[in-house]
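**Q** Dropping a structure here in structure tokens format, bear with me for questions.
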Amino acid sequence: MTTVSVLLFASYADAFGTRRLPVALSAPCAVADVVSALRSLPGGDRLPAKPLVAVNHAFASYDLIVQPTDEVALIPPVAGG
Amino acid sequence: MASPATSSAGLLHSAIVAAPIDVARLISLAQADGVGALSVFLGTVRDLNDGRPVTGMDYEAYEAMAASELAAVAREVCAATPGLRVTIEHRIGTLAIGEVSVAIVAAHAHRGPAMDGSRAIIESLKQRVPIWKREHYVDGDRAWVDPTKSARTLTEGAR
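Those protein sequences? They're chains A and B, same order as listed.
Quick note on numbering: numbering that gives the first Met the number 0 labels position 16 of the first sequence as 15, and the sequence is numbered without any gaps.
Quick note on numbering: numbering that gives the first Met the number 0 labels position 65 of the second sequence as 64, and the sequence is numbered without any gaps.
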């Protein structure tokens, strides 16, 4: 098992009621596994079909393998400007 | 975060800031003797969105990533536009109607690349930089803006 700490922002932080959520997964786990695990948690039904994920400050594909030391963040639809 | 005074081109300054943006300073940093045109884009908080009166706005960022993406967006446009000089800041926190949320200065020897440069940067910023805004409404309600669900999105890019 490995625990990934996922950062949450804006509407996603509201959905889960927190800004940081530890997710326990069996290693090795991909970005897709992190999203699936989040979806099963309370509030996870408010996520869109394929939310954007950033790993170490870069947008990541769903097949990227996540290391426990990686900084993983769920990125709501951006609205800067 | 500001670069030393230099006549070289490229991204000269970029930052996510919590205080009001000093636009005059961004213009000054972009100025150089070889500059013949500065295009300044300011994004401001509007009092109406999707037909609903808005009284203010909270801006939130994934700060570390927003800072790096903001710089990456500006650097990409600079790389595609030889001679372009760019300074840029995006503000976060609670803003009132009319306040500046983002300022982009694109300076060049000629107006075409300067104006195209500032436009390219704001369009790319809106697609990529992890910043979110929550509108305050007259009735006290607040909601995060989701451009993927806005009725305005389809026409906004054409304006």
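We treat Cβ as the ideally placed atom computed from N, Cα and C, and that holds for glycine.
(1) According to DSSP, which residues form a beta bridge with V16(B)?
(2) Which residues of chain A have a Cβ atom closer than 9 Å to the Cβ of P146(B), listed in chain order?
(3) Taking the beta strand (DSSP E) that I178(B) falls in, what are its first and last residues?
(4) Quick check: the region 89-100 of chain B against the region 15-28 of chain A, are at least 3 beta-carbon pairs closer than 8 Å?
(5) Hey, could you find the ends of the alpha helix (DSSP H) M64(B) is sitting in?
(6) Look at M56(B) and V44(B) and say whether their C-beta atoms are less than 8 Å apart.
(7) Is the Cβ of S35(A) closer than 8 Å to any Cβ of chain B?
(8) With distances taken between CB atoms, is the gap from L171(B) to A105(B) smaller than 8 Å?
(9) Identify the contact partners of A9(A) in chain B, using a Cβ-Cβ distance below 8 Å as the criterion.
(10) At the 8 Å Cβ level, is R127(B) part of the contact set with chain A, yes or no?
(11) Below 9 Å between beta carbons is the criterion; list the residues of the region 87-100 of chain B that meet it against any residue of chain A, in chain order.
**A** According to the structure shown:
(1) R90(B)
(2) Near P146(B) (Cβ distances below 9 Å), the residues of chain A are P76, V77, A78.
(3) With chain B running from 0 to 158 in the structure shown, residue 178(B) is simply not present.
(4) no
(5) 62-79
(6) yes
(7) No, its Cβ sits nowhere closer than 8 Å to a Cβ of chain B.
(8) Residue coverage of chain B in this structure runs from 0 to 158, which leaves residue 171(B) outside it and unanswerable.
(9) E59, W131, R133, W143
(10) yes
(11) H89, S100
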